[in-house]
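A short worksheet on the structure shown next.
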Amino acid sequence: MTQARFGAQLLPIPAFVCLYALAWLKWAAPGLVGLAYLALSALTLAVYAIDKASARAGRRRIRERTLHLLSLAGGWPGALLGQQWLRHKSVKTEFRAVFWLTALVNVAAFVLLCTPAGRSLAAL
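Numbering-wise (our numbering), the sequence shown opens with residue 67 and increments by one.
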């Protein structure tokens, strides 16, 4: 993979950082949410590394469902880093499609919950 393509694959991460900053400025998105994204991303990256090591050693693997749930919960930036840096789960088309769906749903939920309308909906 070329350096330019590698960088392009990671563009959603700085794009989300900008989105978070905008949500923080416009709607006062809680700082703890940003910390949660960092923690979940670090955890998800670590889980990807463990799964990659298990795959290489022929040991029991982590279920794809678990990887997707971590992404959906907010660890998708770490999952994307794991896919690119570790070259893990980066070719499997079905896995990648579900991954991008989890990332999209997570970002949509983040935006919705940051807006005043979304906050009132969440308060129900």
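C-beta atoms are modelled at their ideal positions from N, C-alpha and C, and glycine is treated no differently.
None of these values were measured; they are calculated from a predicted model.
Please return the same chain residues whose Cβ sits closer than 6 Å to the Cβ of residue i, not counting the five positions on each side in sequence.
i, result
"T110", "L136, G141, G144 and A145"
"S156", "Q149"
Once you ignore the five residues that flank residue i on each side, which residues in its own chain have a CB closer than 8 Å to its CB?
i, result
"A89", "A95, F176, V177 and C180"
"T132", "V113"
"P182", "W93"
Buried or exposed: which applies to residue i, given that a residue is buried once 16 or more other Cβ atoms fall within 10 Å of its Cβ?
i, result
"G124", "exposed"
"T159", "exposed"
From the options, pick the residue whose C-alpha is nearest to that of residue i; which is it?
i, options, result
"D204", "W93, L104, G148 and Q75", "What is shown of the chain runs 67 to 190, which leaves residue 204 out entirely."
"L152", "R122, A169, T159 and K92", "R122"
"A139", "I128, A87, A188 and A174", "A174"
"I79", "K92, V99, S107 and S120", "S107"
"Y114", "I128, W166, V99 and L104", "I128"
Could you pull out every residue in the same chain whose Cβ sits closer than 7 Å to the Cβ of residue i, ignoring the five residues on either side in sequence?
i, result
"E130", "F161"
"V164", "H134"
"T168", "H134, S137, L138 and W142"
Is any non-hydrogen atom of the ligand ATP found closer than 7 Å to the C-beta of residue i, if you look at the structure I gave you?
i, result
"R162", "This structure simply doesn't include the ligand ATP, nor any ligand for that matter."
If contacts are defined as beta-carbon pairs under 8 Å, then residue i and residue j qualify, I think. What distance do you get, rounded to the angstrom?
i, j, result
"L76", "Q150", "6 Å"
Compute the Euclidean distance between the alpha carbons of residue i and residue j, then round it to the nearest angstrom.
i, j, result
"G97", "W166", "25 Å"
"Y103", "N172", "11 Å"
"A119", "A105", "21 Å"
"G100", "R126", "32 Å"
"L170", "V83", "14 Å"
"A74", "A188", "34 Å"
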